[in-house]
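Residues in the sequence shown are numbered from 4 upward in steps of one, following the numbering used here. By construction, the Cβ of each residue, glycine as well, lies at the ideal position given by its N, Cα and C atoms. What you are looking at is a predicted structure, and each value in this text was computed from that prediction instead of being measured. Let me begin by presenting the structure, written as structure tokens, before commenting on it.
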Amino acid sequence: MFAELLRQPGVEEVLELRSAFGFLAFHGGSLEEGTDTIARAAAARGGASLYAVLQPPELRWHVPSAEVDPGASRALARFLDHVEVVIALHGYGRAGWWTTLLAGGSNRALAGDVRRRVEAALPGYEVVDDLSAIPSELRGMHPDNPVNRPRHGGVQLELPPRVRGLGPYWNDHPDEARPTTALVEALGSVAEAWAYARDSDARTPDVRSRSSAVPNSAPMKSVAPPSAMRPI
């Protein structure tokens, strides 16, 4: 299914290789709007790598994350070979959760760092990193999900429309600053801190880094792949 998507007219893959920290946005373009733009800006801000798939306006094809197979994409395979940990950006929508971001994925230490930095940068927004409080279809825990394929796994960050600068809220608040710039800054700082901690560990291999951004490679129990939530 992923291979077929990539063959559709107008579908574009984006690959940028920088540090061993990566950002993913494989539901980008017209599907989960804004995710690729935020991922690309955060990668540039944090000196991180990027893989994104952009769908054209006439296409909204949701391939389940567990079916996004690097065997179908040389660019995705190169990205996953290059990075050690990732943040995958997705869009979701649920009534009453317009200011709630969900931090799933297998790297729970990194999820905690994402929560702290994003909440500090975005007053009025909440990041849920307790897996038991995240709907099972949005936890991003399937082992075939690209967010969990790198050596240290990663964080699946689900973004509601409002934090992406989308939705009817902004029609009623045209003069209010959109939160996307602050979100990009926070995510870029996560990538930067992780890379710094990694480099520090490489210089002093006998000392275990105490940074909250240090990757956590402990295996996690997998659950069913995301499927039930319609992206917004």
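Provide the residue(s) that pair with residue i in DSSP beta bridges, ordered along the chain.
{"i": "V131", "result": "L105"}
{"i": "E19", "result": "L53"}
{"i": "A28", "result": "A55"}
{"i": "E161", "result": "H93 and L105"}
Quick one: grab the DSSP three-state call for residue i.
{"i": "A200", "result": "helix"}
{"i": "H93", "result": "strand"}
{"i": "Q11", "result": "coil"}
{"i": "E122", "result": "helix"}
{"i": "V193", "result": "helix"}
{"i": "V117", "result": "helix"}
{"i": "V88", "result": "strand"}
{"i": "P60", "result": "coil"}
{"i": "L83", "result": "helix"}
{"i": "R213", "result": "In this prediction, R213 scores a pLDDT of 36, lower than 50, which makes its location untrustworthy; the coordinate-derived value is nonetheless stated afterwards. Three-state result, R213: coil."}
{"i": "D39", "result": "helix"}
{"i": "N219", "result": "Per-residue confidence for N219 stands at a pLDDT of 37, beneath the threshold of 50, marking its modelled position as unreliable; the derived number appears in the next sentence. Three-state result, N219: coil."}
{"i": "P73", "result": "helix"}
{"i": "E188", "result": "helix"}
{"i": "E140", "result": "helix"}
{"i": "S68", "result": "helix"}
{"i": "N110", "result": "coil"}
{"i": "P149", "result": "helix"}
{"i": "D178", "result": "coil"}
{"i": "R48", "result": "helix"}
{"i": "R167", "result": "helix"}
{"i": "R206", "result": "helix"}
{"i": "W253", "result": "Only positions 4 to 235 of the chain appear in this structure, which leaves residue 253 out of reach."}
I need the straight-line Cα distance from residue i to residue j, nearest angstrom please.
{"i": "R118", "j": "A55", "result": "23 Å"}
{"i": "L20", "j": "L79", "result": "11 Å"}
{"i": "H145", "j": "A69", "result": "6 Å"}
{"i": "T103", "j": "G143", "result": "16 Å"}
{"i": "L27", "j": "D202", "result": "22 Å"}
{"i": "A124", "j": "D133", "result": "20 Å"}
{"i": "D178", "j": "P171", "result": "14 Å"}
{"i": "G191", "j": "T38", "result": "14 Å"}
{"i": "G49", "j": "Y128", "result": "22 Å"}
{"i": "S76", "j": "E16", "result": "9 Å"}
{"i": "I90", "j": "H176", "result": "30 Å"}
{"i": "A44", "j": "L186", "result": "10 Å"}
{"i": "L53", "j": "H85", "result": "10 Å"}
{"i": "G96", "j": "Q159", "result": "15 Å"}
{"i": "E35", "j": "E188", "result": "20 Å"}
{"i": "L92", "j": "A200", "result": "22 Å"}
{"i": "R167", "j": "D204", "result": "34 Å"}
{"i": "P73", "j": "L18", "result": "13 Å"}
{"i": "E140", "j": "M4", "result": "19 Å"}
{"i": "H30", "j": "G99", "result": "23 Å"}
{"i": "V193", "j": "I137", "result": "21 Å"}
{"i": "S212", "j": "R120", "result": "Low confidence applies here, because S212 scores a pLDDT of 37, under 50, leaving its location unreliable and the question unanswered by this model."}
{"i": "P218", "j": "G156", "result": "Confidence at P218 is low in this model, with a pLDDT of 40, below 50, so the placement of that residue should be treated as unreliable; the coordinate-derived value is given next. Those two C-alpha atoms are separated by around 8 Å."}
Based on Cα-Cα distance, which residue from the options lies nearest to residue i?
{"i": "L113", "options": "Y172, Y128, E140 and W197", "result": "W197"}
{"i": "F82", "options": "A205, R152 and E188", "result": "R152"}
{"i": "A180", "options": "E87, P126, R120 and G32", "result": "P126"}
{"i": "E61", "options": "P163, A136 and V14", "result": "V14"}
{"i": "S135", "options": "L105, G157 and V150", "result": "L105"}
{"i": "P164", "options": "G157, P182, N148 and A194", "result": "P182"}
{"i": "P149", "options": "T40, S33, A46 and S109", "result": "S109"}
{"i": "H65", "options": "G115, S33, F24 and G107", "result": "S33"}
{"i": "V131", "options": "E161, D147 and R154", "result": "E161"}
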